[in-house]
Each structure stands twice: as C-alpha cells, then as structure tokens.
Amino acid sequence: MNNMSMWRLLTTVMRRDLAVALRRRSDVVNPLLFVVIVVTLFPLAVGPGPDILGRIATGVIWVAALLSSLLGSERLFRDDFLDGTLEQLVLSPAPLPLLAFGKVGVHWLLSGLPLVVLAPLCAMLLKLPIAGWGTLMLTLLVGTPILSAMTAIGAGLTVSLGRGGALLSLLLLPLFIPLLIFAAAAVENALLGTSAIGQVLLLTGLMLLTLLLAPFAVAAALRVSVN
Amino acid sequence: MAFDSWQELIWMGGYGWYVWLAYGMTFLAIALLTIHGLLTRKKLRQLAVKKQQQQQRIARRKQQERNRSKLADDSTS
Amino acid sequence: MSAVIEAKQLTSVRAERLLFSELSFQLQTGEILHVEGPNGAGKSTLLRIIAGLLEPLAGSIHLFGQPQWGDPECWRRQLLFIGHKPAVKAELSALENLHFQATLDGVTNVDAWALLETVGLLGLEDIPAQQLSAGQQRRIALARLWYSQASLWILDEPFTALDTYGIQLLHERFQHHLQQDGVIILTSHQPLTWSGDRLKKIRIEFQDDGELHE
Amino acid sequence: MWKWLHPYAKGEAAYRLLGHWQPWLSGLALILVSVGVIWGLLYAPADYQQGDSYRIIFIHVPSAMFAMGAYTGLAITAFIVLVWQIRTAEWAIAAIAPVGAVLTFISLFTGAVWGKPMWGTWWEWDARLTSQLILFFLYVGVLALYYAFNDSRTGAKAASILALVGVINVPIIHFSVYWWNSLHQGATITRFGDTLMPSSMKMPLYISILGFMFLTAALIVYRLRNEILKQELHRPWAMAQLGVENDHGV
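Protein chains in written order, with the numbering used here: chain Y, 1 to 227; chain Z, 1 to 77; chain R, 1 to 214; chain A, 1 to 250.
Okay, here's the thing in structure tokens:
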C-alpha cells in the first residue's frame, strides 16, 4: 500500500474519532473537570498554606492526570468494540498499528493536550511557585502522549471485558511510575533553580520510545480482543 | 555452630523475632502455594469423577435406546 | 473454472466445545454459499474464521490459491465482511458514516448521495444514526456492498431487520455481484429465493455432545 | 479421523516430561534450601555490624533474585505464546505468575522485617524494596488480566501482551526508582556489600540461591502440570492420570 493512501486512512480514522468525540462532549470534558476537582480537594484536605501545597502541587497534578487518563480510557475502543467498528479496523487493509496510532493521537488531542492548557490553572490553585509552571507544562506536554499510548494498550486488552475499570488501573498505574518520577523531579529542579533539561529530555526519549512501540502492542491487544 | 544453646539460637542476639518472623512467613507462603496446588489437584479429581459419571449416564441412556429400538424391531418382524 | 476460495479441514473449538471439525468447501466464481444451522452451532464463528478475525484450531483457507495469511493486505482488499454488528457510528449521520467507511475501504470516488438513494435513506442523511431504526442502520452498513470492489463477501445475517423491499434490493445486488464473478458466503435464517446450481449450502449442526473426545 | 487432535496431544507429552522432572526438582530444592538455610541460621558467623539480623539474607536475596527471574521467564513464555502459539506456553503463563508473585511477596516481607532492626521502620522507601513492590503490582496485573477472561486462551494471550509490555518497562522502572531514591535520600543504606562478605557467609547464601532456583522450578512445574490436567480434563489420559477410569464409548 502506498504512503498516500495509508496517510488518508490514518487521517480518516482520526477525523471520524474526532467527529464522534465532539458530539459526545461530556465524555471529553468530564475527565478534565475531574482533574480540576481533585486539585481543589487537596487544599481543603491538607490546608491552604502555600508551603505544603507548593511542595505537593506537582505530584497532585500529575497523579490527577494519570487518573483522568484512566477515566477517559473507555472512549478509546469501547464503542468501537460494541458497534463492530473494531472488527472492521482489524480487517482494514491498512496496518493496524497505524490505525491504533491514529486513535492514540485523537485520545491525546482530547485528553492530554487540554491538560497542558489546564496546568497553569491547577498550578495556581495549588500555589505552585511560578518558576515551576513552565516546566510543569513542558513535562505534561511530553508526558501525556505516553499516558495516552499506555492507556490505549490497557484499554485494548480490557475492551472485551466490559467491566474493565478497576482492572485497567491495576494494569496501568505501575507502568506510569517512571513518568511520575521524572516529571516531578523536573519541576522540583526548576523550583530549585537548577536545570530540568535532563529530565525533560529523558521524558521526551521515553515518549518517542513509547510512541514507537505502543501501537504494535495496541494492535496485538485489539486482535486478541475481537476474538 | 554459631550458637551455644537453644535459647541463644532463638534469641538471635536480640533479633530473634525478626529473623524467625521472616523465615516463618517464607515457609508459610511456600507451604500455602504447595497446599493450593494439592487442593487444585483434589478438585480436578472430583471434576474428573463427575465427568466420568456423566459419560456413564449418557452411555447407559444410549444403550437403553438401542435396546428399545431393537425390541421394537423384533416385535414388528 | 478456478476456485475463488477454498477451505480445507477447518476445525474450531470455542470455550472447550467442538463446533465443527474437518469442514471443507470450495467456491467457484459466481457461487453463493449459504451456511445454515441452529443458533449457537458456530455459523458466525465459521464466518469470522473465513474473514480472518479468528483462527481455526486446525485447517487452512486459500483465496485464489494463496494461503490466508500469505499477503494479509491483498487478502483484506479482496474481502468484505459485515458482521451482525453493523459498524455504524451512532453519533454520526448516515452520510458521514458512508463517507468515512468508504474511505476506510479504500474507495475515494464514491457518490455518497447516489448510494443513499439506492439504499432508500434519502432525506434521512442528517440524522444521527442512533435515531434511525435498526433496519435503517443496517441499510447504512449494507450500502458498502454497492461500492465494494472486493470479490469475496462475507455477510453474517444480512437480512436481519430489513423489510421486504430491502430484502429484495439485497437479492438484486447479490445477483449482480455473482454475475460479475463475485463470491458470497452468508448466514441467514431466511430461505434464499434462489434457483439454480449457483447456490451451495452447508449445514452446521449443534453438537450436543460437542465435548472433545476421541 | 480426529486429525485435529494432533496439536492437543502435546499436552500429554508435556505432562509426562514434566512428571519426570518433578521429583528431581523437588528433591534438589528441598535438600539445597534446607542445607543453605540451616547453614545460614546455625553455622554462619554473626555479622560484626548487623549481628544476627543479617541471617534474613539467606532467604531475602534468593527470593528477590527469582522474583525477578520468574518475571523474565514469564516474559519469555509470553513471547512464545504470541509468536508460536504453543498451548503449553499458554498454560505456563498461569503457572509462572502466581509463583513469581509469591516470591516477590516473600522478598518484600523479608525485606521489610529486615528493615525494622536496621532502619527502625517496617517500610523504608528504599530503591530495592520500592522496585520490588512495583514488580509485585506487575505480577498482580498479569494474574488479574489472565483470570478476567472466561476463555483461557484469550486470557493467556492478553496476559502475555501485558507481560511483554511490563518487561520492557522493568528496566525503566528500576532505573527511575534508583535514581529517585538517590535524589531523596542523601545516604543510601547499603545492606550488604556482597564483595565484603566472608566466604563463611557466602557459601550458605550461594547454596540457598541454588536451592531457591530449584524450588521456583519445582513449584512452577507442579502448577503447570495441574494446569495441563485442568485444560485437558476432557481427555481420557488426563482422567487416567487422576486415577479415574475413563470408560467412554462403553
């Protein structure tokens, strides 16, 4: 198959997913609201003092991001599985990893990218010193694609189970730990005034590696799931 | 022998509780794993017996049907 | 005449139950295969195996003499599978569904409006599919048949939810496909109003002692 | 006539082969673990720094090693499942994962108990313990996914994909956790420099490690044989193995 038609198939899958998602806006917006609400809960739980909030801000925002990614995971393949679209994708002449990549891309556009935009709001609510804002956004920008790709693997594996919510978090959260560690450390460095470039580069490397390999895992998972 | 008496062995220079707890838990965990294996086998045996009985019932019914049809054949002829 | 599709000695086991064993068949150009059998006998499984969604426990399938997994891309181009799930996106309108599906099927110059008219959905094109009836949704799914360039159609219960006119329309389309040397494999609980030797039948029986034993 | 049974016949062959290994593995495991543990507990000298508390090492280190080793084995098996679709490998997934999870649990527990006299706390966010904890989660994930499916074949394939994704992540997780640990604890507590150990301590440790290797293998083989029987229960040979006369067809 030539590159032109592969490209067209990829964009078609993405445009269709976008079109569907934009008609079910609540599915897109709810995980984002979830992040804001979780962030709001922390000052109420640990007190509004800027020293303690500022210390935990990065961790809270990142953990909320991980959880919201899991919350939005159903959107990835659930409907496709139920209405038969998944079978058609598996039978499509286009390579399935490519189509999986497209779906991951749409998921990131609708769940990862908005988090980057929301980050300053969350940082403000949690009194994160302004020196860390830029790095926080940067880590979210390179980290959320990893979230979307890994979530897609988990969602692909559990899509045929119907009740995959708790199981999915069990499968995925341990795999998110490196992401959490490097992202938090990067912001920490920025707050201390030292360079965070090392961690950001590391995260970027992880992102590229994940985006390279994850589509194949997603494709394998989907093939198992349409059984 | 690093210890002169049983008491010393159990006391372990004051660390007895930790050392024996660690060893005890290890032993327990491996024992549980083994017992679980044995129980699985027992359950499998029960399942096999059930299956055997099921097959015997099916075989008996087929035998009866065969006899009946044979009887019917005999009476008509 | 060469065999378009040939299945050899297919055996399938699902959930530790034997569905069918050593099933073989061969279809020449222009033939239609009607897979019959009661519910749960394994008709859908057979169709999914032929489509390449499932793997048989044993046996092989050849299309134009080529093994099923020899060239997956070519295989999938030659094949059109419509399962009992219609693959119609509930949020999208009939027109959008047709448009996206045609592109994914690799057909670029499809006249979506003409297609809508053919399958009798003109005037309903703006309505999200979830507000259409089951029969209308099936028509959206089946509209693929009118632009399809695949030679092998695999259709799982295509007549479900269709009205008499829809059924007749589908029959006409089948006739046309067969005349163009296409091949169809389908399941249906309805008798096919077909005459002639183009129609082949296989029947899968429900194996009540489908336990695996020698 | 039932030619399709051929791939299934492998179950019986595998069962018999494993049956030949079983007594050797179990026997060696029993002897070596006993020797290693008794030597370590009774005859090895006390450590000049840690006193007798260090004796936990004779189970902690071997269990930690084979917790990781079993995961590597799981990943290799997973690869075989996905590439060659060998049924025995599918069953092995279900056999290896619980054994690995229990070994991980043992290493965590003994690590924590050892930590109490050393660090004064049951749980320290030490790099080794933390990555071991994550390994435990990975095992739990594989097991949970395997048993979530009704069809054991699908379950084995899904769990295999997860295990492979996991094994790619393990080095990254290890690296990140060690790095994180060095970041947050100025002085890392080294438990035992392996090189500093006198041979009177090393010998029992090596024997124990060898013993745990056979123990791991024996436990896996035993579970795998059970799993084969479970999946092949409908076959006469399996029923005969369980001591049930199969008179089908009488």
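The C-beta atom is built at its ideal place from N, Cα and C for all residues, glycine as well.
Exercise for review: Give, in chain order, every residue of the segment 130-142 of chain A whose Cβ lies closer than 8 Å to some Cβ of chain Y.
Suggested key: I134, F137, L138, V140, G141
Exercise for review: Reducing DSSP to helix, strand and coil, say where W4/A ends up.
Suggested key: For this step, residue 4/A is matched to residue 4 along the fourth sequence. Unreliable placement is indicated for W4/A, whose pLDDT of 43 sits below 50; no coordinate value is reported for it.
Review point. Looking at the C-beta of Q64/Z, does it have a partner C-beta in chain A at a distance below 8 Å?
Key: As a first step, residue 64/Z must be located in the second sequence, where it is residue number 64. Not closer than 8 Å to any Cβ of chain A, the Cβ of Q64/Z fails to qualify, so no.
Check your understanding: Using the beta-carbon of each residue, which ones in chain A are nearer than 9 Å to F182/Y?
Key -> The residue labelled residue 182/Y in the question sits at position 182 within the first sequence. The contacting residues are S176, W179, W180.
**Study point:** chain R contact for L91/Y (CB, 8 Å cutoff)
**Key:** Reading the first sequence from its first residue, position 91 is the one you call residue 91/Y. Yes, L91/Y counts as interfacial toward chain R.
**Study point:** Assigned exposure category for Q132/A - 16 Cβ within 10 Å defines buried
**Key:** Numbered from 1 along the fourth sequence, position 132 holds the residue referred to as residue 132/A. By the 10 Å Cβ count, Q132/A comes out buried.
**Study point:** Among T187/R, L19/R, S24/R, G106/R, nearest to I5/R - alpha-carbon criterion
**Key:** The residue labelled residue 5/R in the question sits at position 5 within the third sequence. That would be S24/R, whose Cα lies nearest to the Cα of I5/R.
**Study point:** According to DSSP, residues forming a beta bridge with T216/A
**Key:** The residue you call residue 216/A lines up with position 216 of the fourth sequence. Partner(s): none; T216/A has no beta bridge.
Exercise for review: Give the DSSP-derived three-state secondary structure of E211/R in the structure shown.
Suggested key: In the third sequence, the residue the question calls residue 211/R occupies position 211. Low confidence applies here, because E211/R scores a pLDDT of 47, under 50, leaving its location unreliable; read the following figure in that light. Three-state result, E211/R: coil.
**Study point:** Residue(s) in a DSSP beta bridge with A58/R
**Key:** Within the third sequence, residue 58/R is the residue found at index 58, counting from 1. Bridge partners of A58/R: T11/R.
Review point. Cβ of L135/A within 8 Å of Cβ of A67/A?
Key: Along the fourth sequence, one-based indexing puts residue 135/A at 135. Along the fourth sequence, one-based indexing puts residue 67/A at 67. For L135/A and A67/A, yes; Cβs fall inside 8 Å.
Review point. Can you name, in chain order, every residue of its own chain whose Cβ lies under 6 Å from the Cβ of I31/A, other than the five neighbours on each side?
Key: As a first step, residue 31/A must be located in the fourth sequence, where it is residue number 31. So no residue of the chain qualifies.
Check your understanding: Taking Cβ to Cβ, would you say V46/Y is nearer than 8 Å to I37/Y?
Key -> Counting from 1 along the first sequence, the entry for residue 46/Y is found at position 46. Counting from 1 along the first sequence, the entry for residue 37/Y is found at position 37. No, Cβ-Cβ distance for V46/Y and I37/Y is not below 8 Å.
Exercise for review: Check the Cβ-Cβ distances between L9/Y and every residue of chain R, and say whether any is below 8 Å.
Suggested key: Counted from its first residue, the first sequence places residue 9/Y at position 9. Closer than 8 Å to some Cβ of chain R, the Cβ of L9/Y qualifies, so yes.
Check your understanding: Do W21/A and V244/A have their C-beta atoms closer together than 8 Å?
Key -> What you label residue 21/A is simply residue 21 of the fourth sequence in a count that begins at 1. What you label residue 244/A is simply residue 244 of the fourth sequence in a count that begins at 1. Contact flag unset, no.
**Study point:** Nearest to T160/R (by Cα), restricted to the options S188/R, G120/R, L169/R
**Key:** Reading the third sequence from its first residue, position 160 is the one you call residue 160/R. Among S188/R, G120/R, L169/R, the Cα nearest to that of T160/R belongs to S188/R.
**Study point:** Which of helix, strand or coil DSSP assigns to Q66/R
**Key:** Residue numbering aside, residue 66/R sits at position 66 when the third sequence is read from its first letter. Correct three-state label for Q66/R: strand.
Review point. With a cut-off of 8 Å, does the C-beta of Q7/Z fall near any C-beta of chain A?
Key: Residue mapping note: residue 7/Z aligns to position 7 of the second sequence, counting from 1. With 8 Å as the cut-off, Q7/Z does not count as an interface residue toward chain A.
Check your understanding: For A3/R, which beta-bridge partners are listed by DSSP?
Key -> Here residue 3/R is taken as the residue at index 3 of the third sequence, counted from 1. Answer is Q28/R, bridged to A3/R.
Exercise for review: Starting from the beta carbon of T103/R, find every residue of chain Y whose beta carbon is closer than 8 Å, and list them in chain order.
Suggested key: Numbered from its first residue, the third sequence carries residue 103/R at position 103. Within 8 Å Cβ-Cβ: R8, L9, T12.
Practice item. For A2/Z, decide whether its Cβ has a neighbour in chain A, counting only Cβ atoms nearer than 8 Å. Key: The residue labelled residue 2/Z in the question sits at position 2 within the second sequence. Yes, because at least one Cβ of chain A sits closer than 8 Å to the Cβ of A2/Z.
Practice item. Select from the segment 65-93 of chain R all residues with a C-beta closer than 9 Å to any C-beta belonging to chain Y, and list them in chain order. Key: P72, E73, C74, W75, R76, R77, L79, L80, F81, I82, G83, H84, K85, P86, A87, V88, K89, A90, E91, L92
Exercise for review: Name, in chain order, the residues that DSSP records as bridge partners for V33/A.
Suggested key: As a working mapping, residue 33/A is identified with position 33 in the fourth sequence. According to DSSP, V33/A bridges with nothing at all.
Exercise for review: May I ask you to report which of helix, strand or coil DSSP gives W17/Z?
Suggested key: By 1-based counting over the second sequence, the position of residue 17/Z is 17. DSSP places W17/Z in helix when its eight states are reduced to three.
**Study point:** Neighbourhood of D111/R by C-beta distance below 7 Å, restricted to the same chain and skipping five residues each side
**Key:** For the purposes of this step, residue 111/R is identified with residue 111 of the third sequence, where counting begins at 1. Closer than 7 Å at the Cβ level, and outside the excluded window around D111/R, lies no residue.
Point to revise | Any 3 or more C-beta pairs closer than 8 Å across the segment 168-187 of chain Y and the segment 15-35 of chain Z | key: no
Exercise for review: Taking only the alpha-carbon atoms, compute the straight-line gap between N181/A and S92/Y and give it to the nearest angstrom.
Suggested key: Locating residue 181/A in the fourth sequence gives position 181, counting from the first residue. Locating residue 92/Y in the first sequence gives position 92, counting from the first residue. Taking the straight line joining both Cα atoms gives about 47 Å.
Exercise for review: Compare the C-beta of G106/R against all C-beta atoms of chain Y and say whether one is closer than 8 Å.
Suggested key: Working through the third sequence from its first residue, we reach residue 106/R at position 106. Closer than 8 Å to some Cβ of chain Y, the Cβ of G106/R qualifies, so yes.
Review point. By Cβ distance, which residues of its chain are closer than 7 Å to T121/A, with the 5 residues on each side in sequence left out?
Key: One-based indexing of the fourth sequence puts residue 121/A at position 121. These residues qualify, in order along the chain: G115.
Practice item. With distances taken Cα to Cα, identify the nearest neighbour of F214/A among R16/A, S34/A, E12/A. Key: Residue mapping note: residue 214/A aligns to position 214 of the fourth sequence, counting from 1. It is S34/A.
Practice item. Please confirm if the segment 144-157 of chain Y is in contact with the segment 56-73 of chain Y, defined as three or more CB-CB distances below 8 Å between the two stretches. Key: yes
Review point. Taking Cβ positions only, does T110/A come closer than 8 Å to chain Z?
Key: On the fourth sequence, position 110 is the one that residue 110/A refers to. Yes, its Cβ sits closer than 8 Å to a Cβ of chain Z.
Review point. Since D156/R is in the beta strand (DSSP E), which residue starts that stretch and which ends it?
Key: If you number the third sequence from 1, residue 156/R lands on position 156. Unbroken beta strand (DSSP E) run through D156/R: 152-156.
Point to revise | Partners in chain Y for A144/A, counting only beta-carbon separations shorter than 8 Å | key: The residue labelled residue 144/A in the question sits at position 144 within the fourth sequence. Within 8 Å Cβ-Cβ: L167, L170, L171.
Check your understanding: In chain R, which residues lie less than 8 Å from D83/Y when you measure between Cβ atoms?
Key -> Walking along the first sequence from the start, residue 83/Y turns up at place 83. What D83/Y touches in chain R: K85, P86, A87, V88, K89, A90.
Practice item. Could you tell me whether the segment 142-149 of chain A touches the segment 88-99 of chain A, using the rule of 3 or more Cβ pairs below 8 Å? Key: yes
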